[in-house]
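*Asks:* Top line first, the protein sequences correspond to chains F and L. To convert a position in the first sequence, counted from 1, into the numbering used here, add 42. One point on numbering: in the numbering used here, the residue at position 175 of the second sequence is 173, and numbering is uninterrupted. C-beta atoms are modelled at their ideal positions from N, C-alpha and C, and glycine is treated no differently.
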Amino acid sequence: MSAMIESPSGPFPPDAQELVLLETLKELLTAAIRSLSRGEPKELVELSRNISATADEVAATESSLCRLPLTPAAQQQRQKLLAELRQQRSFCRAMLRRWRRSILLRRRLLDLATGTATYSEALEARWSGRE
Amino acid sequence: MSSLLGTISIAMGALEAQQAGLATTSNNIANLNTPGYTREQPILQEADPIINNGITYGQGVTLQGIESLRDSILQLQIDSETQQQGQAQAYVNAMSQAQTLFPDDTSGIGQQISNFFQSLNSLSTDPSNLALRQSVLSAAGSMASAFNGTANGLSAVRSSLDQNVQQAVGEVNQITQQIAGLNAQIAGVSSGSQGYGSFLDQRDNLVQKLSGLIDVSVINNGTSITLTTKQGAALVAGNQSFALSTALDPASGVQHIYSQGTDITSEISSGQLGGFLQARDQTLPAMQAQLDSLAGGLVQALNTANAKGFDLNGNAGGNLFSPVSGAGAAASMTVAITDPSLLAASSDGTTGSNGNLTNLSAVANQAVSNGMTPTGAYGNLVFQVGTAVSGGNTELDASNTMLTQLQQQQASVSGVSLDEEASNLMLYQRGYQAAAEAISAVDQMMQTIIQMPGANT
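Rendered as structure tokens:
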């Protein structure tokens, strides 16, 4: 008999619980992508906290799932959700990498303009090995 | 006290200033939809006052010039992201072409491998049947053709990328020449004049276009800019451009890029050239090597298995495929026999034996390339090319999104807002009317003075 997990709306079998959590994760990542795409960082901190907490819950649920076989339908839905989540995660990472690069570039150039920085690694790299 | 003529001079100055404002506003409105246009505004400054008998009189307004509203840091961020976008776009295009060579339908290598092993299974039911033996050779031929086609296709994609590299280098040279020309023009124009902003816009547009092709570092030297690649190869310095060249590298057989005699191919990592080079020199050769390894391993395993058996004439089995290994194995894979009776199906030399077909069929589950079975190794290749395309597409989407954000920021600084221009238009118009009124008032006063009794005597 499957182990049951208590939830606010009643007990769920672990596989259903995992799918619910994966769906929640997908919604959270969709919201994060929306924020990243619109260039609105305000909500990201809270979203990131929720994503992390939900991901932890997924991991905890998965550990109990290891002992249980999934139904083919649940397995298929799980694979589909995981593929979508992977894609969402890649996009978020790519955007965050760009934001970070963009912020660092602006900061470095502003530091150069105000004279608080003398130069950058890029220039060192530019001239290194050419002397 | 200021004279009437002095007051006219002040009003004239005001007329000139308001007219410049109107002209600038009109120019802004005219360029509302011009891509890359940067909004301009007149720089007005209060003229130095004069002091007469201890009283200070203002001297009106002077037009200092016309300035473009641009954020140079934002422009650098856009250039940087354009480089990433160019790289991702070129890479995705190249890898999408390669992906078509690894289909999931009946024409792909994976399906042909399955068909070949399926034909061996069919033969095991009647090992002396010549028609079934012929089917095995046909399936072997189709499998070899699939390997040949895929390998040749990969080479064709690389060749096409090689041409793209040459073409992109040509475009880089054209653009750097134009930028050097603009540097010279900008140096000859006063920074406050109206054409100045237009030249800067043109140069910014060209630098962004160049960023789409190659990784560029921009060093601003006042009016002029110096452009180098990220690793320091000179592209433009003042009014001089430094052309890149391409030449065939005998070792790799592809075009390499040179800057003043130095090979800089490996230094270019972004822009379209970065994407072309990454696909041409890294991803595709790695895939070709894996395909060759799979072809070589499969041929060797099948030949070894065939050699363990006996053909229909009772002779020991020879090579089923012409031996191939290393680079070019997949492109040169061919079936070594045309006579179906030479297939070594028998394990004991009798015609009814199918014992050696078990050995041949076992190759399907044997590690033939990098510890993987034939279908496993092919599946790995399909996965790799799929991952490359999907990863490239994610990068491209992120670059496009980021560029949109940066361009929106730029538009808020440099873009033309019709509301703002309409309000400016009214302000300058009112200013012009008021200055004209002032001239008219002074004129009337002068008329009054002229017509005063005794004024003409």
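Determine the DSSP secondary structure at Thr148 (chain L), reduced to helix, strand or coil.
*Replies:* Correct three-state label for Thr148 (chain L): helix.
*Asks:* Which residues in the same chain have their Cβ closer than 7 Å to the Cβ of Ala164 (chain F), if we skip the five residues on either side of it in sequence?
*Replies:* Legend: pLDDT at Ala164 (chain F) = 42, less than 50; position of this residue unreliable, value from coordinates given subsequently. In the same chain as Ala164 (chain F), and ignoring 5 residues on each side of it, no C-beta atom comes closer than 7 Å to its own.
*Asks:* Quick check on Met285 (chain L): buried or exposed, where buried means 16 or more other Cβ atoms within 10 Å of its Cβ?
*Replies:* buried
*Asks:* Could you tell me whether the Cβ atoms of Leu198 (chain L) and Ser70 (chain L) are closer together than 7 Å?
*Replies:* In terms of Cβ geometry, Leu198 (chain L) and Ser70 (chain L) do not form a close pair [threshold 7 Å].
*Asks:* Contact between the stretch 335 to 354 of chain L and the stretch 156 to 176 of chain L is defined here as three or more beta-carbon pairs at a separation below 8 Å; is this criterion met?
*Replies:* Of all C-beta pairs linking the stretch 335 to 354 of chain L to the stretch 156 to 176 of chain L, fewer than three are shorter than 8 Å, placing the two stretches out of contact.
*Asks:* Taking C-alpha atoms, which residue in L:Ala88, L:Gly58, L:Ser189, L:Thr302 lies nearest to Phe319 (chain L)?
*Replies:* L:Thr302
*Asks:* Would you kindly check if the distance between the Cβ of Thr174 (chain L) and the Cβ of Ser239 (chain L) is under 7 Å?
*Replies:* yes
*Asks:* Who are the neighbours of Ala136 (chain F) on chain L, taking C-beta pairs under 7 Å?
*Replies:* Thr392, Glu393, Ala396
*Asks:* Any Cβ of chain L within less than 7 Å of the Cβ of Ser144 (chain F)?
*Replies:* yes
*Asks:* With a threshold of 7 Å on Cβ separation, who are the neighbours of Ile217 (chain L) within its own chain once the five nearest residues in sequence on each side are excluded?
*Replies:* Residues Ile223, Thr224 of the same chain have their beta carbon placed closer than 7 Å to that of Ile217 (chain L), with the five preceding and five following residues left out of the count.
*Asks:* Consult DSSP for Leu225 (chain L) and reduce its assignment to one of helix, strand or coil.
*Replies:* strand
*Asks:* Roughly how many angstroms lie between the CA atoms of Gln172 (chain L) and Gln382 (chain L), to the nearest whole one?
*Replies:* Rounded to the nearest angstrom, the two C-alpha atoms are 36 Å apart.
*Asks:* The beta strand (DSSP E) that contains Leu246 (chain L), what's its start and end?
*Replies:* Unbroken beta strand (DSSP E) run through Leu246 (chain L): 242 to 246.
*Asks:* Here's a check: name, in chain order, each residue in its chain whose Cβ is nearer than 7 Å to the Cβ of Gly139 (chain L), leaving out the five neighbours to either side.
*Replies:* The answer, listed in chain order, is Val333.
*Asks:* Would Gln16 (chain L) and Tyr430 (chain L) qualify as a contact pair, given that the criterion is a beta-carbon distance under 7 Å?
*Replies:* Yes; because the gap between Cβ atoms is below 7 Å, this pair is in contact.
*Asks:* Does the count of Cβ pairs from the stretch 77 to 89 of chain L and the stretch 410 to 421 of chain L closer than 8 Å reach three?
*Replies:* no
*Asks:* What whole-angstrom Cβ distance do Gln82 (chain L) and Ser268 (chain L) have, given they're in contact under 8 Å?
*Replies:* 6 Å
*Asks:* Helix, strand or coil, according to DSSP, for Val297 (chain L) in the structure here?
*Replies:* helix
*Asks:* State the Cα-Cα distance for the pair Val234 (chain L) and Ala241 (chain L), rounded to the nearest angstrom.
*Replies:* 9 Å
*Asks:* Using the C-alpha atoms, what's the distance from Ile111 (chain L) back to Ser133 (chain L)?
*Replies:* Straight-line spacing of the CA atoms in Ser133 (chain L) and Ile111 (chain L) works out to 14 Å.
*Asks:* Applying the criterion that 16 or more other CB atoms from any shown protein chain within 10 Å of the CB defines a buried residue, is Pro460 (chain L) buried or exposed?
*Replies:* One cannot answer for residue 460 (chain L) here, as it falls past the ends of chain L, which runs -1 to 455.
*Asks:* Counting only Cβ pairs nearer than 8 Å, list the residues of chain F close to Thr399 (chain L).
*Replies:* In chain order: Leu78, Ser79, Met137.
*Asks:* Could you tell me the boundaries of the beta strand (DSSP E) in which Gln16 (chain L) lies?
*Replies:* Looking at the DSSP string, Gln16 (chain L) is not in any beta strand (DSSP E); the run it does join, the alpha helix (DSSP H), is 2 to 28.
*Asks:* Am I right that Ser359 (chain L) and Arg131 (chain L) are in contact with their C-beta atoms under 8 Å? What's the rounded C-beta distance?
*Replies:* Not really, about 15 Å apart at Cβ, beyond 8 Å.
*Asks:* Going straight from the alpha carbon of Val387 (chain L) to that of Gln408 (chain L), what length do you get?
*Replies:* 31 Å
*Asks:* Should Gln403 (chain L) be flagged as near chain F, meaning a C-beta pair shorter than 7 Å?
*Replies:* yes
*Asks:* Please report the straight-line C-alpha distance between Gly193 (chain L) and Gly168 (chain L), rounded to a whole angstrom.
*Replies:* 29 Å
*Asks:* Okay, do the stretch 293 to 302 of chain L and the stretch 249 to 268 of chain L touch, 3+ Cβ pairs below 8 Å being the bar?
*Replies:* no
*Asks:* Cβ closer than 9 Å: which chain F residues qualify as neighbours of Glu79 (chain L)?
*Replies:* Arg140, Arg143, Ser144
*Asks:* Against chain F, which members of the stretch 190 to 213 of chain L pass a CB distance test of less than 8 Å?
*Replies:* none
*Asks:* Do the stretch 390 to 408 of chain L and the stretch 132 to 140 of chain F make contact, defined as three or more Cβ pairs closer than 8 Å?
*Replies:* As far as the Cβ criterion goes, the stretch 390 to 408 of chain L touches the stretch 132 to 140 of chain F, which means the pair count is three or higher.
*Asks:* Between which two residues does the alpha helix (DSSP H) carrying Gln364 (chain L) extend?
*Replies:* Here Gln364 (chain L) belongs to no alpha helix (DSSP H), and DSSP marks it neither H nor E.
*Asks:* Hey, does Ser90 (chain F) have any beta-carbon neighbour from chain L nearer than 7 Å?
*Replies:* no
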